[in-house]
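A short worksheet on the structure shown next.
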Amino acid sequence: MTDRLPGFDTLAIHAGAAPDAATGARATPIYQTTSFVFDDVDHAASLFGLQAFGNIYSRIGNPTCAVLEERVAALEGGTAALAVASGHAAQMLVFHALMQPGDEFVAGTKLYGGSINQFTHSFKNFGWNVVWANPDEPSTFDAAITPKTKAIFIESIANPGGVIVDIKAIAAIAKKHRIPLIVDNTMASPYLIRPFEHGADIIVHSATKFLGGHGNSIGGVIVDGGSFNFAGDDRYPMLSKPRAEYGGMVLGETFGNFGFAIACRVLGLRDLGPALSPFNAFLILTGIETLPLRMQRHSDNALAVATHLAKHDKVAWVSYPGLPDDRYHALAKQYCPQGAGAVFTFGLKDGYEAGVKLVSNLKLFSHLANIGDTRSLVIHPASTTHRQLTDDQKTQAGAGPEVVRLSIGIEDKADLIDDLDQALADA
Ligand code: PLP
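Each step along the sequence shown adds one to the number in this note's numbering, with nothing skipped, and position 276 is 277.
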């Protein structure tokens, strides 16, 4: 072995895992247990007091989930990670660690529709207020920041429009105001974009999508970049004030550059409870082993399909950053030169009705509300995922009435193009 660090493809298979010490099992075992036996009373006390690392109860940590956490932390280049029950749970725990009632955060408008709902409605019940900015114009984030702002939230590649966000420009604004930048890296996965290299402080994933990759498990991951110093910063009391339940420990001081991940686990996951099942962690881990192969194929197939649709006479426009004349092509070349991902939207000349018809006509594409499956998927956002938004919010989120979203799978691209052609002929 040399001193060289393992490459991405090697980490995707090995990071965090080793043959099982007890049995020699080579695949990561599924530790399907609620609880773990303590060595003795002192051992139990040190685990509960956070003086020792170890397993207590699977709501707070589980060895199968721990392998997933280590693997995603390694792929993103973070200091630590926390696996949770869903992408939305990841977002909730991140803000739970950062926000107090009455606080604000600034989010880009181009987000997954469910995140817009979560931020607009559910977070309001906690007293956390979202302020919107335009991810195409980083200066709007600067303008939206007030003394109450605790974070900025963006997607690296924004769902559903395939918008590439200028992470570096927005990170510079976050740094200027000394607030953390949170990046939802679900659509890119660390194979295409590694947001910490561009100035992000915290990454969240819906592992439901490309990390798991096979459409079989809901899951989420939070990754701590270790770059934001919460210790001694009164604006973040969860990390900078003594915790009575942990003997007055200040999490941001005791755990240093992975204090944020610890706070999400020992405060958020412990008290709010969205734990990932070890079985789902196993399936997601297995998916990650082929992440590099799948992401490349997803991106190559998506470029072929987008190129074909852009020439189709029933199609008004195609929004895919991999296309040379796309408005985000320069940013795509900068941030994801290996490919622009699997998901993109296009507009039908005949509007809403044509969108509804197209999804009914497709045979190989599945009509459902997910992305990032090996299978190709289609949805008409205006009649489904984005239907609860106002018309203005729909358009702002890139989900107007004529818009169809595709998540291109890893099948033969010729079959995908044939299926789209037959469905469009009668749409
Ligand atoms: N972020 C993005 C970009 C998503 O596409 C989704 C789900 O579609 C989520 C977050 C939420 O993830 P989950 O469904 O795992 O809660």
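Just so you know, even glycine gets a beta-carbon here, dropped at the ideal spot from N, CA and C.
Span of the beta strand (DSSP E), counted from its first residue to its last, around residue i
i, result
"A84", "81–85"
"A370", "No beta strand (DSSP E) holds A370; DSSP gives it neither H nor E."
"I380", "378–380"
"F461", "Past the edges of the chain, shown from 2 to 428, lies residue 461, and the structure says nothing about it."
Of the residues the options, the one placed nearest residue i, counting alpha carbons only
i, options, result
"N126", "P20, F256, Q101", "Q101"
"L273", "S367, S157, L425, A98", "A98"
"E198", "H368, S157, P161, Q423", "S157"
"I146", "F106, A172, I418, L304", "F106"
"K151", "L69, A159, D235, H313", "D235"
"L212", "G200, R27, M188", "M188"
"L76", "I194, E412, C265", "I194"
"H178", "P382, H206, K149", "K149"
"I165", "K334, F39, G233", "K334"
"R60", "V42, G269, L112", "G269"
"T209", "L284, A311, I411", "L284"
"I118", "D427, Q394, D420, G399", "Here residue 118 turns out to be Asn, not Ile, going by the sequence shown. N118 has its Cα closest to that of Q394, out of D427, Q394, D420, G399."
"T29", "K176, E138, L48, V68", "V68"
"H330", "E354, H309, L304", "L304"
"A264", "L252, N258, V205", "L252"
"Y58", "Y32, V42, E70, D41", "Y32"
"L286", "G356, L421, L407, A74", "A74"
"G260", "M250, S190, E246, L240", "L240"
"F54", "I203, F256, L310, T391", "F256"
"I223", "L182, D40, I418, D419", "L182"
"A383", "F49, P161, L332, E138", "P161"
"S207", "L51, A282, G323, P402", "A282"
"F37", "L349, N63, K169, K176", "N63"
"I414", "G249, L310, M250", "The sequence shown places Lys at residue 414, rather than the Ile named in the question. It is L310."
Contact under 8 angstroms by Cβ, residue i with residue j
i, j, result
"Y321", "A343", "no"
"P293", "D10", "yes"
"A82", "D185", "no"
"G109", "I155", "yes"
"T386", "G114", "yes"
"F366", "V405", "no"
"A400", "K315", "no"
"Q92", "V267", "no"
"S377", "G410", "yes"
"A46", "L112", "no"
"I203", "A13", "no"
"P139", "I171", "yes"
"L407", "F345", "yes"
Start and end residues, alpha helix (DSSP H) containing residue i
i, result
"K151", "Where K151 is concerned, there is no enclosing alpha helix (DSSP H), although the beta strand (DSSP E) it sits in stretches over 150–156."
"G109", "It is not in any alpha helix (DSSP H) - G109 instead sits in the beta strand (DSSP E) that spans 105–109."
"D72", "Here residue 72 turns out to be Arg, not Asp, going by the sequence shown. 64–77 is the extent of the alpha helix (DSSP H) around R72."
"N56", "Looking at the DSSP string, N56 is not in any alpha helix (DSSP H), and its letter there is neither H nor E."
"L48", "42–49"
"S140", "140–145"
"I168", "168–177"
"D413", "Run containing D413: none; DSSP gives neither H nor E here."
"M190", "Checking the displayed sequence, the identity of residue 190 turns out to be Ser instead of Met. From DSSP, the alpha helix (DSSP H) with S190 extends over 190–193."
"I61", "No alpha helix (DSSP H) contains I61, which DSSP labels as neither H nor E."
"A355", "352–362"
"I180", "Where I180 is concerned, there is no enclosing alpha helix (DSSP H), given that its DSSP letter is neither H nor E."
beta-carbon residue i near the ligand ZN non-hydrogen atom, thresh 7 angstroms
i, result
"H381", "By its list of ligands, the structure shown excludes the ligand ZN, since it contains just the ligand PLP."
Proximity test, Cβ basis, 8 angstroms: residue i and chain B
i, result
"P196", "Here chain B cannot be found, since the structure has a single protein chain."
- prompt: Touch check for the stretch 217–232 and the stretch 273–285: three-plus C-beta pairs under 8 angstroms?
  reply: Below 8 angstroms, enough C-beta pairs join the stretch 217–232 and the stretch 273–285 to call them touching: three or more.
query: Is the stretch 284–303 touching the stretch 132–145, taking contact as three or more C-beta pairs under 8 angstroms?
result: Cβ pair count under 8 angstroms is below three, so no.
field: Uninterrupted beta strand (DSSP E) stretches inside the stretch 202–234 (no shorter than 3 residues)
entry: For the stretch 202–234, whole beta strand (DSSP E) runs of length 3 or above, ordered along the chain, are 203–207, 221–225.
- prompt: Which residue spans inside the stretch 293–326 form an unbroken beta strand (DSSP E) run of at least 3?
  reply: Taking 3 residues as the shortest admissible run, the stretch 293–326 contains the following complete beta strand (DSSP E) segments, listed from N- to C-terminal end: 316–320.
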